[in-house]
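In what follows, a single structure is set out as structure tokens and then discussed.
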DNA sequence: AGGCGCTTGTGAACGGGTGCACAAATCGCG
DNA sequence: CGCGATTTGTGCACCCGTTCACAAGCGCCT
Ligand SMILES: NC(=O)c1ccc[n+]([C@@H]2O[C@H](COP(=O)([O-])OP(=O)(O)OC[C@H]3O[C@@H](n4cnc5c(N)ncnc54)[C@H](O)[C@@H]3O)[C@@H](O)[C@H]2O)c1
Ligand SMILES: NC(=O)c1ccc[n+]([C@@H]2O[C@H](COP(=O)([O-])OP(=O)(O)OC[C@H]3O[C@@H](n4cnc5c(N)ncnc54)[C@H](O)[C@@H]3O)[C@@H](O)[C@H]2O)c1
């Protein structure tokens, strides 16, 4: 059941294509919004294209940066540059969320940040569990960007008894078999999976059992999960292999291979 | 100039749509291949859709796994399941590379692995530089999947004098200002960037100057690079924010928000 | 040797996403 | 108070990617 979305980042030039697309089950939901738009910015939940959703975090980061450097408004052109997309795309994306722009002027940064954070569900800091406190897990546990961008690591888990009890960044590593209790107690709905691939499916099953409904998987394997659960995957080797393909293509162009 | 591709992994169910699209400049190249296909598996370089390229690494991983567990052939259905995609998509993807399948039987695993590795440019182990040996950099430097999937960390760089000279996994950390010399000496074309965002653009410029043409960027910022350089980005916070959106949507469905 | 079942490869229809190009809206200034 | 400069919001056409559905091809069994 289910399929993971592929991490597709990007190539150089032009206009970078991006996120996947459909994912039927995840497809937002029927219609919505539109009518109770103006004014009622709270409790308004539009039906966003998946590609737009994937770009909102980038806009948000760019907006925060602009706000921090003393700006009050930005033009679509300016924000598009800061986010690395083209301005028409940015305007269309923002138009989906009921638009905080003023023609002739640009977008008011502060309310726009609020709207994007609301849409992304970042108004309250989300609790995240991290499973697998090894090489990578340690780095993630200490990652500041976690905290600064709307999340809170609420629990660390590992199966290795020698790691259980270790204190990292103020949190004590718990044994994996405490998952169910702690996930429920802390209302954790998102988990980061940083165990070896061989353990990933089993850990995912336990997480889902405990009530987790979103998983960010760093293990190089496909997870099988029920439709209601979202999985995103990050695989360093895949990213490098895609880059390798482009390297190969570039050199095939130059050397005899095929035309360039 | 240029834009990064967004890491878009996946949602749950259905049929995950995938990579963006165009990226004009990077667009493979005109036509190619087709004619000198059969037999001449070397030096054949087809014009693959970007979305297909992004999936090949996943197929490759699944194929290696199957080979390791004693299989000689797989059906498109079997491989598709192992890779988390649908079988029609898989067949179309493979058909682009001149197909190693037999109707009524399936695909011969071994030659298919060879073909995919050839296309991805993995026939010789590629040298990769890692810049920024901090929290994350340490984890990456020790990552086994790096080596097992076609790459070799050829150099580690950092700007912090107290880190220079440190030995990690048999490699000595060099100072950033040795980039030019070492990148050339080791024929490095791919670099992994794991410095703080504030230093990323400057480091990227130095890397490109030294001859690097592909960058995997872990810093949460947009890099500006010439068209000939490929950039892919991995941003943990963005992935989590996309998951957060889906969590928000799920709960909006249940609670009064909008219909479900 | 022939037929049957299985699996590939692909034509075609569909759907989503992108980007152009422009009309509508707003501001500032004279 | 009106005009021009500016910038948003979007209709539209195009393109890429996905998926269905089936004909063609292959092996096996009788
Ligand atoms: N290290 C990296 O830079 C890196 C990069 C990309 C992907 N990855 C992937 O991330 C994962 C972790 O990598 P790593 O280098 O940290 O490996 P690691 O072996 O250092 O850490 C894995 C941790 O998971 C724990 N673990 C094992 N089974 C478990 C279980 N059933 N439940 C809970 N915890 C369990 C282990 O005790 C260990 O602490 C791997 O799948 C790896 O392929 C790592
Ligand atoms: N730690 C994580 O889990 C994690 C996760 C996702 C993304 N990131 C991102 O990865 C990057 C690194 O994160 P980190 O936690 O390892 O940070 P860190 O501060 O621990 O490490 C950064 C390293 O880069 C070095 N550096 C700084 N300026 C440099 C320069 N000009 N040239 C070369 N080296 C330089 C520093 O000396 C340090 O060793 C950051 O951009 C961070 O946002 C980290």
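Residue numbers (UniProt numbering), protein chains in the order written: chain X, 1 to 260; chain E, 1 to 260. Yeah, the Cβ is synthetic: ideal placement off N, Cα and C, and Gly gets one too.
Query                                                                                                                                                                      : Result
Under a three-way DSSP split, which group does residue 223(E) fall into?                                                                                                   : coil
In chain E, which residues lie less than 9 Å from residue 93(X) when you measure between Cβ atoms?                                                                         : Under the 9 Å cutoff, chain E gives no residues; its nearest Cβ is about 12 Å from residue 93(X).
Output needed for residue 151(X): all residues of its chain with C-beta closer than 7 Å, excluding positions within five of it in sequence on either side, in chain order. : 125, 126 and 128
Would you call the CB atoms of residue 168(E) and residue 193(E) closer than 8 Å?                                                                                          : no
Measuring only the C-alpha atoms, how far is residue 74(E) from residue 97(E)?                                                                                             : 17 Å
Does DSSP put residue 64(X) in a helix, in a strand, or in coil?                                                                                                           : helix
Between residue 107(E) and residue 95(E), what straight-line distance do the alpha-carbon atoms span, to the nearest angstrom?                                             : 11 Å
Does DSSP put residue 100(X) in a helix, in a strand, or in coil?                                                                                                          : coil
Of the residues that make up the region 50-71 of chain E, which ones have a beta carbon closer than 9 Å to any beta carbon in chain X?                                     : 50, 51, 53, 54, 55, 56, 57, 58, 60, 61, 62 and 65
Select from 244(X), 197(X), 67(X) and 84(X) the residue whose C-alpha is nearest the C-alpha of residue 220(X).                                                            : 197(X)
With C-beta atoms as the reference, is residue 187(E) less than 8 Å away from residue 247(X)?                                                                              : no
From the DSSP output, in three-state form, read off residue 179(E) for me.                                                                                                 : helix
Would you please verify whether the beta carbon of residue 184(X) is less than 8 Å from any beta carbon of chain E?                                                        : no
Classify residue 254(E) as buried or exposed, calling it buried when 16 or more other Cβ atoms lie within 10 Å of its own Cβ.                                              : exposed
Under the assumption that residue 191(E) contacts residue 207(E) (Cβ atoms under 8 Å), give the Cβ distance between them as a whole number of angstroms.                   : 5 Å
Given the structure, does residue 176(X) come close to ligand 1, in the sense that its CB is under 7 Å from one of the ligand's heavy atoms?                               : yes
Of the residues that make up the region 231-243 of chain E, which ones have a beta carbon closer than 9 Å to any beta carbon in chain X?                                   : 231, 232, 233, 234, 235, 236, 237, 238, 239, 240, 241, 242 and 243
By the DSSP assignment, the beta strand (DSSP E) with residue 106(E) in it spans what residues?                                                                            : 106-108
Verify the contact flag: residue 158(E), CB atom, against every heavy atom of ligand 2, threshold strictly below 7 Å.                                                      : yes
Would you identify the three-state DSSP class for residue 122(X), choosing helix, strand or coil?                                                                          : coil
Taking residue 208(E) as part of the alpha helix (DSSP H), name the residues at either end of that continuous run.                                                         : 197-210
At a CB distance below 8 Å, what residues from the region 121-141 of chain E approach chain X? Give them in sequence order.                                                : 121, 122, 126, 128, 135, 136, 138, 139 and 140
With 8 Å as the threshold, decide whether the Cβ of residue 152(X) is near any Cβ in chain E.                                                                              : no
Where residue 35(X) and residue 143(X) are concerned, what is the direct C-alpha to C-alpha distance, given to the nearest angstrom?                                       : Caution is warranted here: a pLDDT of 34 is assigned to residue 35(X), below 50, making its placement in the model unreliable, and no coordinate value can be reported.
Identify every residue that forms a DSSP beta bridge with residue 267(E).                                                                                                  : Because chain E in this structure spans residues 1 to 260, residue 267(E) falls outside the shown range and cannot be described.
Count the other CB atoms, across all protein chains shown, that sit within 10 Å of the CB of residue 57(X); report buried if there are 16 or more and exposed otherwise.   : buried
Does ligand 1 have a heavy atom nearer than 7 Å to the CB of residue 140(E)?                                                                                               : yes
Can you grab the Cα-Cα spacing for the pair residue 163(E) / residue 148(X), in whole Å?                                                                                   : 26 Å
Of the choices 217(X), 137(X) and 48(X), whose alpha-carbon is the least far from that of residue 116(X)?                                                                  : 48(X)
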